[in-house]
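S.K.:
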Amino acid sequence: MSKIRFRQKQLLLAGGIGALSVLLLCSIFGFLYVNHLTNKYTEKRLSVEQELAQTQQVLKEDMIKVEVVTRNISSGEPIQESDLETRLMPRNAVSEEMVLSKELIRGKVAKVELPTNTPVTSTVIYEDEITSRDLRSQEFRLMELPSKLQKSDYVDVRIKFPSGQDYIILSKKRVEDLIDGTVWYHMNEKEILNISGAIVDAYIQDATIYALSYVEPGIQEKAITTYPANKAVLDLINSDPNIVQKATTELERRNRIKLEEAMNAMTPEQKQEYKNKLNTQQIAENQAKSAQPTTQQQSTNDLITTPQVDTEMIFNDQNSVGAETP
Numbered sequence: 046m047s048k049i050r051f052r053q054k055q056l057l058l059a060g061g062i063g064a065l066s067v068l069l070l071c072s073i074f075g076f077l078y079v080n081h082l083t084n085k086y087t088e089k090r091l092s093v094e095q096e097l098a099q100t101q102q103v104l105k106e107d108m109i110k111v112e113v114v115t116r117n118i119s120s121g122e123p124i125q126e127s128d129l130e131t132r133l134m135p136r137n138a139v140s141e142e143m144v145l146s147k148e149l150i151r152g153k154v155a156k157v158e159l160p161t162n163t164p165v166t167s168t169v170i171y172e173d174e175i176t177s178r179d180l181r182s183q184e185f186r187l188m189e190l191p192s193k194l195q196k197s198d199y200v201d202v203r204i205k206f207p208s209g210q211d212y213i214i215l216s217k218k219r220v221e222d223l224i225d226g227t228v229w230y231h232m233n234e235k236e237i238l239n240i241s242g243a244i245v246d247a248y249i250q251d252a253t254i255y256a257l258s259y260v261e262p263g264i265q266e267k268a269i270t271t272y273p274a275n276k277a278v279l280d281l282i283n284s285d286p287n288i289v290q291k292a293t294t295e296l297e298r299r300n301r302i303k304l305e306e307a308m309n310a311m312t313p314e315q316k317q318e319y320k321n322k323l324n325t326q327q328i329a330e331n332q333a334k335s336a337q338p339t340t341q342q343q344s345t346n347d348l349i350t351t352p353q354v355d356t357e358m359i360f361n362d363q364n365s366v367g368a369e370t371p
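Each residue of the sequence shown is one higher than the one before, starting from 46 at the first, in my numbering.
(1) Within 10 angstroms of the Cβ of Glu-112, are there 16 or more other Cβ atoms? Answer buried if so, exposed if not.
(2) Is Thr-350 buried or exposed, if buried means 16 or more other CB atoms sit within 10 Å of its CB?
(3) What residue from Gln-290, Ser-197, Ser-258 has the CA that sits closest to Ile-244's CA?
(4) I'd like the list of long-range same chain contacts for Gln-250, defined as Cβ closer than 6 angstroms, with 5 residues on each side in sequence excluded.
(5) Express the C-alpha separation of Lys-153 and Thr-345 in angstroms, rounding to a whole number.
(6) In the DSSP assignment, find the beta strand (DSSP E) that holds Gln-183 and state where it starts and stops.
(7) Tell me the DSSP bridge mates of Leu-133?
(8) Do you know how far the Cα of Lys-156 is from the Cα of Asp-347?
(9) Apart from the five residues just before and just after Asp-211, which ones in its own chain have a Cβ nearer than 8 angstroms to its Cβ?
(10) Assuming the contact rule is C-beta atoms closer than 8 angstroms, Thr-161 and Val-144 should be a hit. Round their C-beta distance to whole Å, please.
(11) When the Cα of Lys-217 is compared with those of Trp-229, Pro-191, Lys-267, which residue comes out closest?
(12) In angstroms with no decimal places, state the Cα-to-Cα distance between Gln-341 and Asp-107.
(13) With 16 other CB atoms within 10 Å as the buried threshold, where does Tyr-86 fall?
(14) How is Ala-274 classed by DSSP in three states: helix, strand or coil?
(15) What are the boundary residues of the alpha helix (DSSP H) that includes Ser-258?
(16) Take Glu-236 as the anchor and find which of Tyr-272, Leu-58, Thr-294 has the nearest alpha-carbon.
(17) Can you tell me whether DSSP reads Ala-59 as helix, strand or coil?
(18) Once DSSP output is grouped into helix, strand and coil, what is the label at Arg-219?
(19) For the beta strand (DSSP E) holding Ile-269, just list the boundary residues, first then last.
(20) For Val-93, count neighbouring Cβ atoms within 10 angstroms of its own Cβ and tell me buried if that reaches 16, exposed if not.
(21) Return the residue from the list Thr-227, Gly-209, Ile-224, Leu-215 that minimises the CA-CA distance to Asn-233.
(22) Grab the span of the alpha helix (DSSP H) containing Lys-147 for me, first residue to last.
(23) Compare the Cα-Cα distances from Ile-118 to each of Pro-164, Leu-69, Leu-97 and report the closest residue.
(24) How big is the Cα-Cα spacing for Glu-122 and Leu-180?
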C-alpha cells in the first residue's frame, strides 16, 4: 500500500516537472515571438514615419502660394483685396509664371465668372482703363436697352437709320447704373461729342439709338467705333447749342410712346409684373439716395438733364430744324 502511494507521488512529481518544463518552454517561445513582433512593428512604424516625413517635405517644397477668390466674382467685376485669400496649392496645378500677388490683382477686372475658391492668375483678369481727367458720368433715357441688361454689363451703343444703315457710336461701355430705363455711362469728352451728334442725327433722321450687350466682355475685344461725324449736324450744334437738349427730349418722348404702346399690348399679368419690377427699382433708388449725399451732376452741352417741354413746342422746333437743314 505504501509502495503504491510512493509510486503515485513519483508519477505526480514527474508530471508536474514535465508540465512546468512545457510551460517554461512555451513562455520562452512566446516572449521571443512577441519580442520579434514588437521589433518588426517598431521598424515598420519608423519606416512609415520616415516615408511620411519625406513625402510631406516633398509636398511642402512642391507647393506654391496662390490667391483665390472668397466669393463669386462676375465677369467684368473689379476684384478687391478683401475678395482674396492666400492658399497653398501644388506647383503642378498652376503655372508659376501666371501667379500674381494681392498687390498686382487688386483693382483688376475679371475676364470671366470666377466661382468661390478659384485661383486668380494673369489669364483670368485684365486691367481696366485708366480714368482720364475729362471722364464724366452721363445718364440717358433715350436709348432702347436690352431687356436683360444689368448693372456692370458692357454694351455697344449704336444708331440705326431708316435706310438700314447701322453704326457704333460708343464701344464697350460699362453700365455704371441702371434704374427704371435710365442708364449711366462714364464718358470722355470725345465720346460726349460723338453721342451728342448722334442724338441730333437721330432726331432729324428719325433714327433709333439702342444698346447691345457683350456676351463675354472679359474675353471679347472692344469694337471699333464706326459712326461718322456728320458735318451738317456738328454745324447745327455749334449754331444752336440747345438743339442737343431739344433732340434729347424728343427722343425720350418717342421712347415713351413706344413704351406706352408696349404697355397697352401687355396682358394684366404682364402689367402687374412690370409694375412690381418698377416698384423694386424705385425702392432701390430711394435707398441709394438716402445712403449717399446729393451731389450736383456735371454735364456737357446740357446733355444729361432735360426739362419737360410742351409737345407742341417740340414739334414746332423739329419742323423749324427740318426746314433749316438742307
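Positions of the beta carbon are idealized from the N, C-alpha and C atoms, including for glycine.
M.R.: Quick look at the numbers:
(1) buried
(2) Caution is warranted here: a pLDDT of 37 is assigned to Thr-350, below 50, making its placement in the model unreliable, and the coordinate value is therefore given only provisionally. Exposed: under 16 other Cβ atoms inside 10 Å.
(3) Gln-290
(4) Phe-206
(5) Residue placement at Thr-345 is flagged as unreliable, the pLDDT there being 38, under the threshold of 50; the coordinate-derived value follows with that caveat. Distance between the alpha carbons of Thr-345 and Lys-153 is about 30 angstroms.
(6) 181 to 185
(7) Lys-110
(8) Unreliable positioning characterises Asp-347 in this predicted model, as indicated by a pLDDT of 40, which lies under 50. The coordinate reading is nonetheless provided below. If you take the alpha carbons of Asp-347 and Lys-156, they lie about 35 angstroms apart.
(9) Arg-203, Ile-204, Lys-205
(10) About 19 angstroms; that fails the 8 angstroms criterion.
(11) Lys-267
(12) With a pLDDT of only 39 at Gln-341, under the threshold of 50, the placement of this residue in the model should not be trusted, and no figure is reported.
(13) exposed
(14) coil
(15) It is not in any alpha helix (DSSP H) - Ser-258 instead sits in the beta strand (DSSP E) that spans 253 to 258.
(16) Tyr-272
(17) helix
(18) strand
(19) It is not in any beta strand (DSSP E) - Ile-269 carries neither H nor E in the DSSP assignment.
(20) exposed
(21) Leu-215
(22) 147 to 150
(23) Pro-164
(24) 19 angstroms
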